[in-house]
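**Student:** Yeah, the sequence shown ends on 725 if you go by the UniProt record's numbering, and it's all consecutive.
One structure, pasted below without further comment.
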Amino acid sequence: MKIIKSIHILLGIFLFFMSTSIVSQTLLKPEIEFTSLCDNDIKKSTDYTVTFKYKTSAFADDNTFTVELSDANGTWNSPVNLATVATENDTFTFSRTFQLPKTFDKNYKIRLVATSPVMTSPDSESFYRLFNDRVLNNYEDVVLCDGATTELILDTDQQGAYTWYRDGSIITTTTDPFLEVSASGKYQVKIDYGACGFGKSTLINVVTFSETDAQINSPDVVEICGDEAHTFQANVTDTSYTYTWFLDNQEVQSSNSSTYTTPTVGQLGVYSLEIDTGVCVTTSNNVSLNQKNAPSFTITENTPLASVLLPGEAIDISITVNNAANFEVEWYKDDKRLFGVDGTSLNVNQPGTYIANVVETATGLCSSGLSSQPIRLLSVKRFEPVMITDDNYESCTATGVDLKLQQVNVIAQDDNEYVLTSEQLELLNYQWILDGVNIVDATDNKLTRSSYTQNGIYTLGISAGHLNNVSSSELDIKLIAKPAVVTSEPSSNSLCPGGIITYTIKDVVDGYTYQWFKNDDQTALATDVAEFVVDEIGTYTLKMTGFGCEKIIETLEVVLFDAAAIVVTPSEKVVLKEGESTAITASGAESYVWYEGENIDGMLLSTSETLEVTSLGFYTVVATAGACGIEKTIEVVAQDDQVIVPNIVTPNADGVNDTWSISNKYAFQPTISVQLYNANGKEIFKTNDYQNDWPFESLGNQRVFYYKIIKENILIKAGTISVLD
Numbered sequence: 001m002k003i004i005k006s007i008h009i010l011l012g013i014f015l016f017f018m019s020t021s022i023v024s025q026t027l028l029k030p031e032i033e034f035t036s037l038c039d040n041d042i043k044k045s046t047d048y049t050v051t052f053k054y055k056t057s058a059f060a061d062d063n064t065f066t067v068e069l070s071d072a073n074g075t076w077n078s079p080v081n082l083a084t085v086a087t088e089n090d091t092f093t094f095s096r097t098f099q100l101p102k103t104f105d106k107n108y109k110i111r112l113v114a115t116s117p118v119m120t121s122p123d124s125e126s127f128y129r130l131f132n133d134r135v136l137n138n139y140e141d142v143v144l145c146d147g148a149t150t151e152l153i154l155d156t157d158q159q160g161a162y163t164w165y166r167d168g169s170i171i172t173t174t175t176d177p178f179l180e181v182s183a184s185g186k187y188q189v190k191i192d193y194g195a196c197g198f199g200k201s202t203l204i205n206v207v208t209f210s211e212t213d214a215q216i217n218s219p220d221v222v223e224i225c226g227d228e229a230h231t232f233q234a235n236v237t238d239t240s241y242t243y244t245w246f247l248d249n250q251e252v253q254s255s256n257s258s259t260y261t262t263p264t265v266g267q268l269g270v271y272s273l274e275i276d277t278g279v280c281v282t283t284s285n286n287v288s289l290n291q292k293n294a295p296s297f298t299i300t301e302n303t304p305l306a307s308v309l310l311p312g313e314a315i316d317i318s319i320t321v322n323n324a325a326n327f328e329v330e331w332y333k334d335d336k337r338l339f340g341v342d343g344t345s346l347n348v349n350q351p352g353t354y355i356a357n358v359v360e361t362a363t364g365l366c367s368s369g370l371s372s373q374p375i376r377l378l379s380v381k382r383f384e385p386v387m388i389t390d391d392n393y394e395s396c397t398a399t400g401v402d403l404k405l406q407q408v409n410v411i412a413q414d415d416n417e418y419v420l421t422s423e424q425l426e427l428l429n430y431q432w433i434l435d436g437v438n439i440v441d442a443t444d445n446k447l448t449r450s451s452y453t454q455n456g457i458y459t460l461g462i463s464a465g466h467l468n469n470v471s472s473s474e475l476d477i478k479l480i481a482k483p484a485v486v487t488s489e490p491s492s493n494s495l496c497p498g499g500i501i502t503y504t505i506k507d508v509v510d511g512y513t514y515q516w517f518k519n520d521d522q523t524a525l526a527t528d529v530a531e532f533v534v535d536e537i538g539t540y541t542l543k544m545t546g547f548g549c550e551k552i553i554e555t556l557e558v559v560l561f562d563a564a565a566i567v568v569t570p571s572e573k574v575v576l577k578e579g580e581s582t583a584i585t586a587s588g589a590e591s592y593v594w595y596e597g598e599n600i601d602g603m604l605l606s607t608s609e610t611l612e613v614t615s616l617g618f619y620t621v622v623a624t625a626g627a628c629g630i631e632k633t634i635e636v637v638a639q640d641d642q643v644i645v646p647n648i649v650t651p652n653a654d655g656v657n658d659t660w661s662i663s664n665k666y667a668f669q670p671t672i673s674v675q676l677y678n679a680n681g682k683e684i685f686k687t688n689d690y691q692n693d694w695p696f697e698s699l700g701n702q703r704v705f706y707y708k709i710i711k712e713n714i715l716i717k718a719g720t721i722s723v724l725d
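Below you can see the structure in the form of structure tokens.
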């Protein structure tokens, strides 16, 4: 009995599931009540009806239906939720209306999705979606420069059948929703929507713009009375364009107006027009605006045609009218008449463009007028002062300096640079500044500095009206104290063997460092010493450093006191012309004693460095430095009468013609240069004060040489020298 009862229970459970499976829900294919959404349907309504059905059994109470729309290709990668339905779980049939996207294509589908249980209906049949009046080129008309092209684009990226029209005529058919065009006209696209027929785009105007379009609608020459205005008109009118009018190549108006009306003064000249479409710029023909009656007089402007006007400045501008008996003068500022003023001069204190219009009143029905050239008084945008030092200033060398304002350059409102006049400089306010701090009572356009303690960065501040505290470029002023005085004991820089020279620094200045250096060594031998002792030959320098400067105040060449240290000028062999005198000078020692003769046994002649001689013979000088003395003998000879320069030399040590000896008119003369060259033209010897002592060494196999004798850069002798054995 228990077994039979269990079998009955299992059989009941099986039958329950079987019955449940048999009566489970089935979603049917949605039934759309349209095949295409064409333009006419859209205009009537944007709601479209779809019927949904299911069978077998009702859905659970917690079920929710979702109506989904595929993409334009009929795929469900990103379905669009058209509606959510929760009240049709036991009706088996229900309908809904929807607003579908305004996107054109052919393969849209709809399906129904349930949540409890989860299931999805079959796809509906596909349908068209048509949106008429597609937008071409984003509603924007196009302006093309002459020869240019542009791409017209429809507001879709779908390929299809696109028929393109220009001015109502078919020009081409494309599969892409864009077309490159270059011709002017009204463009439109028709789209093949299949079952829906054809749709059309918005209308776009393409304009080609060339130089021939951008002309002034006028004869090449227009004549008016001298006091009349004239209106010019462009050939094309479009408020999106920029029209720039020029008179004699100067801009007079720039706006979106295709017309320009001249003033009644300064209006004559050559006009042209530039049109900017935003894409291209074209320039028109020239039109001359002339006066019917040429004036018989002329105007001379007495004021510069362009100058700057400082804040608070007032100046007189004036003209001169030549060869006119009866005339009237009208003054204009920025093309506006200045009433109540006449005459040939005008006092002004405002920047602007001033014109004097002169009308000769006795010329018949049409007055003869002539305008002055525009006189432009420009406001100042900024100062650019130029500051300089006096001509004697050298950094770290000068002990004083005069700073002054050389000139003031200004940048005017026209962005050009002008130089202020001396009268305008008097209108400026000045303030000298040292290291960023105003110098008390330094309010002139020049400043004197007389001490190294005033070193620093100087600027000059300038102001005038609203242009305040404009600084000049910087000047780094470095003055130096008066250099110290160096004395020596002994006074000569010639050092006796085993001796010393003591250098003493006097008049040192507090704040400076004084250092001694030898030769090229950068390490100081001594610093801030009152006395510096030298016991070696060499080049010694004394450098003072301080207040931003370094200066070598002494360079001393200490040489060994020997015969080479004593220099006799003009030479140790002096040529004396008959009836004349000559001065012989010795240098390189402290004291000098001159004797007549070849030694010191002769008569004492002088104790100075210079001896004046009038007689031929020998003279001896004793040069002394400290405990050292050097004796030298000088020979004074008569000028010989040798005329010919010898051309043979025989250096064989026989005592005859061993050296090339020339007249003492040329030898022993510091002002005469002797130059020798080998056979190849290479210079081998050059000297002033030739001592008749060449050759100095063996000449080898060289046998021919050339010579030049030059005095005061003038060649006085030249020739050859042959060397014989």
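Note that CB positions come from ideal geometry on N, CA and C, so glycine has one too.
Of all the options G147, T582, T607 and E125, which has the alpha carbon lying nearest to the alpha carbon of V593?
**Tutor:** T607
**Student:** Between the alpha carbons of N519 and G511, how many angstroms are there, rounded?
**Tutor:** 26 angstroms
**Student:** Is there contact between the stretch 145-165 and the stretch 175-185, where contact requires at least three CB pairs shorter than 8 angstroms?
**Tutor:** yes
**Student:** Would the stretch 563-583 and the stretch 526-541 be scored as touching if the rule is three or more Cβ pairs under 8 angstroms?
**Tutor:** no
**Student:** Looking only at its chain, what residues have a beta carbon closer than 7 angstroms to the beta carbon of N664, apart from the 5 residues adjacent to it on each side?
**Tutor:** V575, V637, Q639 and D640
**Student:** Look up A589 in the DSSP assignment and say whether it is helix, strand or coil.
**Tutor:** coil
**Student:** Can you tell me where the beta strand (DSSP E) with residue 756 in it begins and where it stops?
**Tutor:** There is simply no residue 756 to check, as the chain begins at 1 and stops at 725 in what is shown.
**Student:** Suppose you measure from the CA of T261 to the CA of T156; what does that come to, to the nearest Å?
**Tutor:** Going by the C-alpha atoms only, they are around 48 angstroms apart.
**Student:** Name the DSSP bridge partner or partners of F547?
**Tutor:** Answer is none; F547 lacks a bridge partner.
**Student:** By Cβ distance below 6 angstroms, which residues in the same chain neighbour T545 in space, the five residues on each side in sequence not counted?
**Tutor:** T513
**Student:** Return the Cβ separation of P374 and S472 in integer angstroms, given the expectation that the two are a contact with Cβ distance under 8 angstroms.
**Tutor:** With a Cβ gap of about 32 angstroms, P374 and S472 do not count as contacting.
**Student:** With the cut-off set at 8 angstroms, would you say T687 and E712 are in Cβ contact?
**Tutor:** no
**Student:** Alpha carbon to alpha carbon, what distance is there between E211 and V359?
**Tutor:** 38 angstroms
**Student:** On the DSSP bridge assignment, give the partners of Y332 in chain order.
**Tutor:** R337 and I355
**Student:** Quickly, what does DSSP pair Q675 with across the bridge? List them, please.
**Tutor:** For Q675, which the question treats as bridged, DSSP gives the partners K686 and K708.
**Student:** Taking only three categories from DSSP, how would you classify T569?
**Tutor:** strand
**Student:** For T620 and Y595, what's the separation of their Cα atoms in angstroms?
**Tutor:** 5 angstroms
**Student:** Look at T259 and F232 and say whether their C-beta atoms are less than 8 angstroms apart.
**Tutor:** yes
**Student:** Just the Cα atoms here: how many angstroms apart are N77 and E33?
**Tutor:** Distance between the alpha carbons of N77 and E33: 25 angstroms.
**Student:** DSSP on T277, reduced to helix/strand/coil?
**Tutor:** coil
**Student:** Nearest to N657 by CA position, among L605, Y707 and D725, is which residue?
**Tutor:** Ranked by how close their Cα comes to the Cα of N657, the residues L605, Y707 and D725 have D725 in first place.
**Student:** On the DSSP bridge assignment, give the partners of M119 in chain order.
**Tutor:** A114
**Student:** Run through DSSP, which three-state label would N326 get?
**Tutor:** coil
**Student:** Any idea which residues DSSP pairs E251 with across the strands?
**Tutor:** F246
**Student:** With 16 other CB atoms within 10 Å as the buried threshold, where does F339 fall?
**Tutor:** exposed
**Student:** How should V440 be labelled, buried or exposed, when 16 other C-beta atoms within 10 angstroms of its C-beta is the threshold for buried?
**Tutor:** exposed
**Student:** Span of the beta strand (DSSP E) holding L425?
**Tutor:** Element bounds for L425: not the beta strand (DSSP E) but the alpha helix (DSSP H), S422 to L425.
**Student:** Going by the CB atoms, is the gap between V401 and I477 shorter than 8 angstroms?
**Tutor:** yes
**Student:** Enumerate in chain order the residues of its own chain whose CB-to-CB distance from T504 is below 6 angstroms, with the five nearest sequence positions on each side excluded.
**Tutor:** T487 and E531
**Student:** At the 8 angstroms Cβ level, is M119 part of the contact set with chain E, yes or no?
**Tutor:** The structure shown contains no chain E; it holds only a single protein chain.
**Student:** Put Y393 into one of helix, strand or coil per three-state DSSP.
**Tutor:** coil
**Student:** Buried or exposed for Y243, going by 16 or more other Cβ atoms inside 10 Å?
**Tutor:** buried
**Student:** What does the alpha-carbon distance come out to for the pair T26 and G74?
**Tutor:** 22 angstroms
**Student:** Residue 735 and P219: beta carbons closer than 8 angstroms?
**Tutor:** Shown here, the chain extends from 1 to 725; a query on residue 735 therefore has no answer.
**Student:** Among E590, T582 and A484, whose alpha-carbon lies nearest the alpha-carbon of E554?
**Tutor:** A484
**Student:** Tell me which residue opens and which closes the beta strand (DSSP E) that S307 is part of.
**Tutor:** It spans A306 to V308 - the beta strand (DSSP E) in which S307 sits, taken as one unbroken run.
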